[in-house]
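Participant:
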Amino acid sequence: MTLSRVLIANRGEIAVRLIRACQDLGLATVVAVSDADRDSLPARLADRAVCIGPARSSDSYLNPKAIVAAALGTHCDAVHPGYGFLAESPLLADACTATGLTFVGPRAEHLYSMGNKIEARRLAHSLGVPTLPGSDKVQSAAEAMDVAARVGFPVMIKAAAGGGGRGMKVITRAEDLPQAIVSASAEAGAAFGDATLYLEHYVANARHIEVQVLGDGAGRVIHLGERDCSLQRRHQKLIEEAPAPGISAALRERIHAAAVKLVSHMNYLSAGTVEFLFDGDANEFYFLEMNTRIQVEHPVTEMLTGVDLVAEQLRIAGGEGLRFSQHDIGFHGHVVECRLTAEQPEHDFRPNAGKITQWDPPAGPHIRLDTHCYAGYSVPIFYDSLLAKLIVQGVNRPDALARASRALRRFRVGGVGTNAAFAAFVLDSPEFSEGKLNTRLAETLIARFVRQEGTAQMGADRI
Amino acid sequence: MSQTLSSLSEADIRQLTQLIDSLERSAFDFLQVQVGDLKVTIGKGDPAPLAAPVSVPAPLAAPIVDAPAAAPVDAAPPTRAAASIHTTASKPASAPVADAGTVDITSPLLGVFYAQAEPGAPPFVTVGTEVNEDTTVALVEVMKTFNAVPAGLRGTIVEVCAQNAQLVEFGQVLFRLRPA
């Protein structure tokens, strides 16, 4: 292990996670905080906290120069970017390399290649990994119409520089396509600095299944199983689980093999996730994109396999080879994660900020909570609304879902509205418990939940 | 009390209202404001202040927030208490306390603080130097880019708080100044 002090370039629950992993490995920690996070839990847990800028992310957490300067100025030898923010920024990775800092993550070349979704698709396709019928870059509405005619409507317009659920539009009717191309291009340019678009056939009955991988950049690559993340609202995941329910052993093996093939070819370094779309009607899977970072839902895999993914990232970054071979990885029981956010489904998921007056999380065997929150913490207005991740393990899927539902119902949070009740509602729903998942299920359940809450409220009002 | 309030102008009251709105929406628990001779303390939640008063970062407009009179050092709130090996991201524990009537010039970014234009050159300012809004008081270097820090205010430097060639954080106090 060649590292001794790591700069944590992130905030919230993932910063806590990264600090703890460093501490477990005997590494010193410095956390870079914005002005709004000076008194946060990560600031208290790290050996040192340095303020890199004002609250606004663009001037702090999204500022590669401030991050590198903070790392150098505090004598760190590595930077861990977490997820989101600059986790997949080739600029940050290159700036680290240029100044002798170790970037705890993939090589910049893979941030570039997988960050371009068209190129990622092309690579997968060239290796025989199935991809959705679709296109490379579409330069005009006319070209888009040709592609759509070939793959069939509905089509999904995607931004080449997008990813993570951003910059996507579904078009059902041919007459809407030209206008959609124009606006999608403008939006992509504004949001990602790159207006390039591509098209894919849209699958109505889709599940999102992703495979966790680890590579040491010396030719060794393993997978740690798949996760099903189909429960998404507007492409943002709410609930994730492993293993993916209701798919055959043969299909599971093929998905794993496809992921390993891709990352082996790349001689991938560090942790990553290969995302696939599973078409429930065709019983086929297709490569979507690769995420070259540790992900929000990584604890699901950690609990299922017993492997500490962040520690492995640090070890790999510190020059150690992969400690496991594929047959060392075992899968135990069933794990489900619920993202607890400061959003209220009954108010269209409007985020709310404010002081947490009560924070009584569930605890016990088989329950893990990743959070930066505590009673008395003021949730800032400047960042995303993730408060905590509740990860629960059971001996099988029904056991895991029942435990998680009970845990959510015991989770008392005061001062800030949360989605806890909705998450429990999802776990208890017939569709979810029967494993009848697809990426549109969340919308159906939201509507049902809001109606139910509305009826309950009316009943309460009448009393 | 009503006599003092009636001496506030419309503009003062609007400014105060805006500050109250900002406090409401912010993560802070209290705010201390000086408007003329009137010092206003606005808080929410606990009556005791949990955060040290906010200094105005450089560059400064005409200040509407003053550092309060002699905040005693041992009033440091629990969250900022320094353990022996733990350093919080705030003004360093050894930083001298602000006197009445001084304003902090804080760093607008994180980087390496330089008191002079180049090695061997005299410092931009020292104690007693008179400055105006545009006077460069220091350089802060980030990744080879040198940023000039303006005083932001007319007045006299009364204290130099940062050390040459040391890392300074965003918001860290660099100088104290007595406004003209």
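Residue numbers (my numbering), protein chains in the order written: chain A, 40 to 502; chain Y, 6 to 185. We put the CB at the ideal spot given by N, CA and C, even for glycine.
By the criterion of Cβ-Cβ separation under 9 Å, what are the contact partners of Leu172 (chain Y) in chain A?
Facilitator: Those are Val89, Ala108, Ala109, Leu111, Gly112 and Thr113, listed as they occur along chain A.
Participant: Chain A partners of Gly176 (chain Y), CB-CB under 7 Å?
Facilitator: Simply Asp74 and Cys90.
Participant: If distances are taken between C-alpha atoms only, which option among A:Ala234, A:Val186 and A:Arg266 comes closest to Leu171 (chain A)?
Facilitator: Among A:Ala234, A:Val186 and A:Arg266, the Cα nearest to that of Leu171 (chain A) belongs to A:Val186.
Participant: Scan the stretch 117-187 of chain A and note each continuous alpha helix (DSSP H) run of 4 residues or more that stays entirely inside, going in chain order.
Facilitator: Complete alpha helix (DSSP H) runs here, min 4: 129-137, 147-154 and 156-165.
Participant: Would you grab the beta carbon distance between Thr107 (chain Y) and Arg183 (chain Y) for me? Rounded to a whole angstrom, and I think it's under 8 Å.
Facilitator: Right, their Cβ atoms sit about 5 Å apart.
Participant: Which residues in chain Y sit within 7 Å of Pro529 (chain A), going by Cβ to Cβ distance?
Facilitator: Lying outside 40 to 502, the shown extent of chain A, residue 529 (chain A) is not represented and no answer is given.
Participant: Taking the straight line between their C-alpha atoms, what separation do you get for Ile110 (chain Y) and Asn137 (chain Y)?
Facilitator: Whole-angstrom Cα-Cα distance: 13 Å.
Participant: Starting from Ala381 (chain A), find everything on chain Y with Cβ-Cβ shorter than 8 Å and list it in chain order.
Facilitator: Result: empty, since nearest Cβ-Cβ is about 13 Å, beyond 8 Å.
Participant: I'd like the list of long-range same chain contacts for Thr331 (chain A), defined as Cβ closer than 6 Å, with 5 residues on each side in sequence excluded.
Facilitator: Closer than 6 Å at the Cβ level, and outside the excluded window around Thr331 (chain A), lie Glu127, Pro145, His149, Leu150, Met153 and Gly311.
Participant: On the DSSP bridge assignment, give the partners of Cys377 (chain A) in chain order.
Facilitator: In DSSP, Cys377 (chain A) forms a bridge with A:Ile278 and A:Leu429.
Participant: Which residues of the stretch 306-321 of chain A have a Cβ closer than 7 Å to any Cβ of chain Y? Give them in chain order.
Facilitator: Going along the stretch 306-321 of chain A in chain order, one finds no residue with a Cβ nearer than 7 Å to chain Y.
Participant: Tell me Pro404 (chain A)'s beta-bridge partners as DSSP assigns them.
Facilitator: BP columns for Pro404 (chain A) are empty, so no partner.
Participant: Which word fits Ala67 (chain Y), buried or exposed, when buried means at least 16 other C-beta atoms lie within 10 angstroms of its C-beta?
Facilitator: Low per-residue confidence applies at Ala67 (chain Y): pLDDT is 36, beneath 50, and the placement is therefore not dependable, though the value from the model is reported in the following sentence. With fewer than 16 other Cβ atoms within 10 Å, it is exposed.
Participant: Along chain A, which residues have their Cβ under 7 Å away from the Cβ of Asp117 (chain Y)?
Facilitator: Residue 117 (chain Y) is actually Val in this sequence, not Asp. Chain A residues near Val117 (chain Y): Gly112.
Participant: If Thr136 (chain A) sits next to Leu46 (chain A), beta carbons under 8 Å apart, how far is it from one beta carbon to the other, in whole angstroms?
Facilitator: Not a contact, Cβ separation roughly 14 Å.
Participant: Check the DSSP bridge columns for Ile162 (chain Y) and list the partner residues they point to.
Facilitator: Per DSSP, Y:Leu182.
Participant: Would you say Ala134 (chain A) faces chain Y, with C-beta separation under 9 Å as the test?
Facilitator: Closer than 9 Å: yes.
Participant: From the beta carbon of Ser43 (chain A), is the nearest beta carbon of chain Y less than 9 Å away?
Facilitator: Cβ-Cβ to chain Y under 9 Å: no for Ser43 (chain A).
Participant: Scan the stretch 149-161 of chain Y for residues whose Cβ lies nearer than 8 Å to a Cβ of chain A and list them as they occur along the chain.
Facilitator: Cβ contacts with chain A: Thr150.
Participant: Apart from the five residues on each side of it in sequence, which residues of its chain come closer than 6 Å, Cβ to Cβ, to Gly51 (chain A)?
Facilitator: The answer, listed in chain order, is His411.
Participant: Out of A:Asn322, A:Ala298 and A:Leu301, which has the shortest C-alpha to C-alpha gap to Gly285 (chain A)?
Facilitator: Gly285 (chain A) has its Cα closest to that of A:Asn322, out of A:Asn322, A:Ala298 and A:Leu301.
Participant: Helix, strand or coil: which one does DSSP assign to Pro127 (chain Y)?
Facilitator: Pro127 (chain Y): coil per DSSP, three-state reduction.
Participant: Measure the C-alpha to C-alpha separation of Gln275 (chain A) and Arg487 (chain A) and round it to an integer number of angstroms.
Facilitator: Rounded to whole angstroms, Gln275 (chain A) to Arg487 (chain A) spans 19 Å at the Cα level.
Participant: Name the residue from Y:Val163, Y:Arg181, Y:Asn169 and Y:Val178 whose alpha carbon lies nearest to the alpha carbon of Val132 (chain Y).
Facilitator: Nearest C-alpha to Val132 (chain Y): Y:Val163.
Participant: Could you compute how far the alpha carbon of Gly232 (chain A) sits from the alpha carbon of Lys156 (chain A)?
Facilitator: Straight-line Cα distance between these residues: approximately 14 Å.
Participant: Are Ala223 (chain A) and Ala245 (chain A) touching if we call contact CB-CB under 9 Å?
Facilitator: No. Outside cutoff.
Participant: Taking buried to mean at least 16 other C-beta atoms within 10 Å of its own C-beta, is Pro52 (chain Y) buried or exposed?
Facilitator: Since pLDDT at Pro52 (chain Y) reaches only 48, below the 50 mark, its modelled position is unreliable, and no value is offered.
Participant: Which chain A residues are close to Leu144 (chain Y), counting only those with a beta carbon under 7 Å from its beta carbon?
Facilitator: Residues of chain A passing the Cβ test: none, with the nearest at roughly 13 Å.
Participant: Classify Arg324 (chain A) as helix, strand or coil using the three-state DSSP reduction.
Facilitator: Correcting the residue identity first, residue 324 (chain A) is Phe in this sequence and not Arg. Here Phe324 (chain A) sits in strand by DSSP.
Participant: With three or more C-beta pairs closer than 8 Å as the rule, is the stretch 261-273 of chain A touching the stretch 212-230 of chain A?
Facilitator: Segments in contact, no.
Participant: If we count Cβ pairs, one from each stretch, closer than 8 Å, do we get three or more for the stretch 119-132 of chain Y versus the stretch 81-93 of chain A?
Facilitator: Touching, no.
Participant: For a quick check, are the C-beta atoms of Ala159 (chain A) and Ala297 (chain A) less than 9 Å apart?
Facilitator: For Ala159 (chain A) and Ala297 (chain A), no; Cβs fall outside 9 Å.
Participant: If we call anything under 9 Å between Cβ atoms a contact, is Gly202 (chain A) one with Glu279 (chain A)?
Facilitator: Not a contact, by the Cβ cut-off of 9 Å.
Participant: For His373 (chain A) versus Ala281 (chain A), is the C-beta distance shorter than 9 Å?
Facilitator: Yes.
Participant: If you follow the beta strand (DSSP E) that Met305 (chain A) is in, where does it begin and where does it stop?
Facilitator: Run containing Met305 (chain A): none in the beta strand (DSSP E); it sits in the alpha helix (DSSP H), Ala288 to Met305.
Participant: Give the single residue among A:Val299, A:Ile261 and A:Leu111 whose Cα lies nearest to the Cα of Gln365 (chain A).
Facilitator: Per the Cα distances, A:Ile261.
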